[in-house]
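Reading the sequence shown from the start, the letters are residues 882 to 1342 in the working numbering. Beta carbons are placed, not taken as given, at the ideal position from N, Cα and C, and that holds for glycine. Accompanying notes for the structure given below.
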Amino acid sequence: MIWKENRENAYCEITPAIMALKEQWEKKNYIDPKLYKEYNVKRGLRDEDGRGVLTGLTRVAEIQSYHVTEGMSGEKITPTDGVLYYRGIDCRNLVTGSAGRGRFAFEEAAYLLLFGELPTEEQLRDFCVQLASYRTLPTNFFRDVIMKAPPKDLMNTMQRGILTLFCYDDKPNDISLENVLRQCLQLMSNMPVLAIYAYQAYRYSQGESLFIHVPQPELSTAENFLRMLREDRSYTELEARTLDVALVLHADNGGGNNSTFTNHVVTSSGTDTYSAIAAAMSSLKGPRHGGANSKVMAMMDDIKTHVKDWQDENAIRTYLTSILDGKAFDNSGLIYGLGHAVYTKTDPRCEVFRDYVHHLAAEKGLDREMDLYTNVEKIGKALLMERRHKDALSTNIDFYSGFVYEMLGLPMELYTPLFAVARISGWSAHRMEELTAGGKLIRPRYECVEEHRSYIPMKNR
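And the structure:
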C-alpha cells in the first residue's frame, strides 16, 4: 500500500490506498442481521410493533396516533387519526385561532413550547419585541464567517455560523437556565437570518448578484424570511400566512424525533447551547429526516416526466407500481411522503396544511399540479396499503411541504434550513427541559459481538 505524498489538489481524492483500507474495513465489520433478533435489539429504538422505545418524559409535545387496548391475546394497537399537541394544546387550534384574529401564529407557538402557556396579548407583544431585538448578527459576521468559505450546503454553513457565534458570547459555557434561555432566544432570532444570508452567499458563489436585506423588527418570522429572500422584498398576505403555518407545524414533533432526541442526548452531557443546536442540525440535515421533502420534489419531477397525462389515473398507477417495484425513479422502492414512522392513519400537520396548499395553488394558477399531487397521494396510498396489508396509511406533511415551498419561490437549497428555522423553537424547549428535568447522561448499551482474540506480535502477522 502506497500512501499519497503529494497533497496538492488531492484533499478530496479517493486514492487506491483509501480503497484498499475500505475493503479491509468491510472484511471485519459485517454484523449478521439475525444477531439483532437474537440479542433482542430495538433497532432504531423501535419495538417490533412499531412503537418507539420509551427513553424519557416530556411536557413539551405529544403525538397520538393509535389506541392500545388489552385483550385475551395481549395488547391490540388500533390506528387512529393523528393529533399533535404542543403543551397539551392541539397544534391545529394554534393555526385556526391565530388566523381568525388576523395574526401570525409561529411566535405564539414558540412561546407556548418554551413557557408552557399561551401568551396574553401583552406577553406575545413583549416576546416578539425581544426576538426582534436579537434578529441581528454581530458586526461583519456575514463577511468574516458566512462569505469566508463558499457554501456547498446551507445546513453546514448555518452550523458553522452557530458554532462561531459561541466565540461572540461572553458566557458561552454557562448552562444556567437564564443564560440558556437567552442563548436560545438569540439563536431562534438568528436562524432565519443565517439561512437567508447563507443562501445569498451561495448564489453569489454561483455567479449571481449579491443582495442583503436587513430584517424588519415589526415583521413576523415568516414575513422577514420572504422579505430577506426576494430581491424586491415583496410577498402576498397568503404567501406569508402559508409559510407561517408551515413554521407552526414544523416547530416540534415530540421528544423522540431524531434531531430532538439528538438534542436531548448532547444536552445531557452538559455541553453548551451552540454545540447542542449544531448537533441537532446535523441530524435534521439527513434525507431520512429533514431532507425528505426534497426527495418528494425529485420524485414528483420524475413522475411529471414519465406520465404524460396527469389526469390518467391508470398511467399514474402503472408508474407508481414501477417505483414500488424498484424499477423507476431512484430504484429504492419507496413513494416518498407517504407513510410515517409514528402517525398511522393521518398526519394532522398534513391535514391542516392541505387547505393552504389548495388555496396557494389556486392563487398561483397551479391547479393542474395540485390535481397530480392529489392523484399520486390517493393512488400511492392504496398501492402501499395493499402491499403492506394495512387498513390505514398517513400522508406525511413532507408530501406537500416541498410543493408549497416551490410555489413560494423558495429554492430547494432552503427547504431543510427552513425546517431548522421552525424546529429550533422545539429544540430550545427540549434543551431547557433536559437541563432541568433530565439529570443523567444518556448512555444506552451496545452489545459487542466480536470474538475475543489474542494479541499477535508484529513478526507473526
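7 Å Cβ cutoff met for residue i and residue j
{"i": "residue 1073", "j": "residue 1106", "result": "yes"}
{"i": "residue 1201", "j": "residue 1214", "result": "no"}
{"i": "residue 1174", "j": "residue 1283", "result": "yes"}
{"i": "residue 1082", "j": "residue 1027", "result": "yes"}
{"i": "residue 1229", "j": "residue 965", "result": "yes"}
{"i": "residue 1256", "j": "residue 1197", "result": "yes"}
{"i": "residue 1210", "j": "residue 1183", "result": "yes"}
{"i": "residue 1253", "j": "residue 1288", "result": "no"}
{"i": "residue 1274", "j": "residue 1220", "result": "yes"}
{"i": "residue 1031", "j": "residue 1038", "result": "no"}
{"i": "residue 1013", "j": "residue 1098", "result": "yes"}
Cβ neighbours of residue i in the same chain (closer than 7 Å, five flanking residues each side left out)
{"i": "residue 979", "result": "985, 986 and 989"}
{"i": "residue 1172", "result": "1166 and 1297"}
{"i": "residue 1150", "result": "1322"}
{"i": "residue 1000", "result": "989, 992 and 1008"}
{"i": "residue 954", "result": "none"}
{"i": "residue 958", "result": "930, 947 and 949"}
{"i": "residue 1176", "result": "1168 and 1217"}
{"i": "residue 924", "result": "917"}
{"i": "residue 1085", "result": "1091"}
{"i": "residue 1047", "result": "1053, 1153 and 1155"}
Cβ neighbour criterion (16 or more within 10 Å) applied to residue i
{"i": "residue 1262", "result": "buried"}
{"i": "residue 1335", "result": "exposed"}
{"i": "residue 1218", "result": "buried"}
{"i": "residue 1225", "result": "buried"}
{"i": "residue 1190", "result": "exposed"}
{"i": "residue 1124", "result": "buried"}
{"i": "residue 844", "result": "The requested residue 844 does not occur in the structure, where the chain is confined to residues 882 to 1342."}
{"i": "residue 1057", "result": "exposed"}
{"i": "residue 1342", "result": "exposed"}
{"i": "residue 1192", "result": "exposed"}
{"i": "residue 1078", "result": "buried"}
{"i": "residue 1120", "result": "buried"}
{"i": "residue 1180", "result": "buried"}
{"i": "residue 1116", "result": "buried"}
{"i": "residue 1040", "result": "buried"}
{"i": "residue 983", "result": "exposed"}
{"i": "residue 1320", "result": "exposed"}
{"i": "residue 902", "result": "exposed"}
CB contact check: residue i to chain C, cutoff 7 Å
{"i": "residue 934", "result": "Absence of chain C from the displayed structure is noted, only one protein chain being present."}
Close Cβ partners of residue i (< 6 Å) along its chain, the five nearest in sequence each way excluded
{"i": "residue 1231", "result": "1276 and 1278"}
{"i": "residue 1154", "result": "1061 and 1064"}
{"i": "residue 1101", "result": "985"}
{"i": "residue 1373", "result": "Given a span of 882 to 1342 for the chain in the structure shown, any question on residue 1373 remains unanswerable."}
{"i": "residue 1333", "result": "none"}
{"i": "residue 1067", "result": "1015"}
{"i": "residue 1044", "result": "1155 and 1159"}
{"i": "residue 1329", "result": "none"}
{"i": "residue 1054", "result": "1153"}
{"i": "residue 909", "result": "none"}
{"i": "residue 1258", "result": "1276"}
{"i": "residue 1178", "result": "1283"}
{"i": "residue 1157", "result": "1144, 1147, 1148 and 1312"}
{"i": "residue 1207", "result": "1214"}
{"i": "residue 1104", "result": "1121"}
{"i": "residue 998", "result": "none"}
Close beta carbons around residue i, own chain, < 8 Å, minus the five adjacent residues each side
{"i": "residue 939", "result": "1135, 1136, 1311 and 1314"}
{"i": "residue 1291", "result": "1110 and 1299"}
{"i": "residue 1234", "result": "1126, 1127, 1130, 1278, 1281, 1282 and 1285"}
{"i": "residue 1011", "result": "1066"}
{"i": "residue 1260", "result": "1194, 1197, 1198 and 1201"}
{"i": "residue 1050", "result": "1064 and 1155"}
{"i": "residue 1187", "result": "1200 and 1209"}
Contact belief for residue i with residue j at Cβ below 8 Å, rounded distance in angstroms
{"i": "residue 1114", "j": "residue 1108", "result": "5 Å"}
{"i": "residue 1223", "j": "residue 944", "result": "5 Å"}
{"i": "residue 830", "j": "residue 1227", "result": "The displayed coordinates of the chain run from 882 to 1342. Any statement about residue 830 would go beyond what the structure contains."}
{"i": "residue 1036", "j": "residue 1162", "result": "6 Å"}
{"i": "residue 1351", "j": "residue 1304", "result": "The first residue shown for the chain is 882 and the last is 1342, placing residue 1351 beyond what the model contains."}
{"i": "residue 1203", "j": "residue 995", "result": "So it is not a contact: roughly 47 Å between Cβ atoms."}
Task: the stretch 1142-1159 touching the stretch 1123-1132, judged by at least three CB pairs closer than 8 Å - done: no
Open item on the list: Does the stretch 1081-1096 come into contact with the stretch 913-933, if we say contact requires no fewer than three beta-carbon pairs (one atom in each stretch) closer than 8 Å?
Closed with: Contact between the stretch 1081-1096 and the stretch 913-933 is not established, with fewer than three Cβ pairs separated by less than 8 Å.
Task: Cβ pair count under 8 Å reaching 3, the stretch 1243-1252 against the stretch 959-974 - done: no
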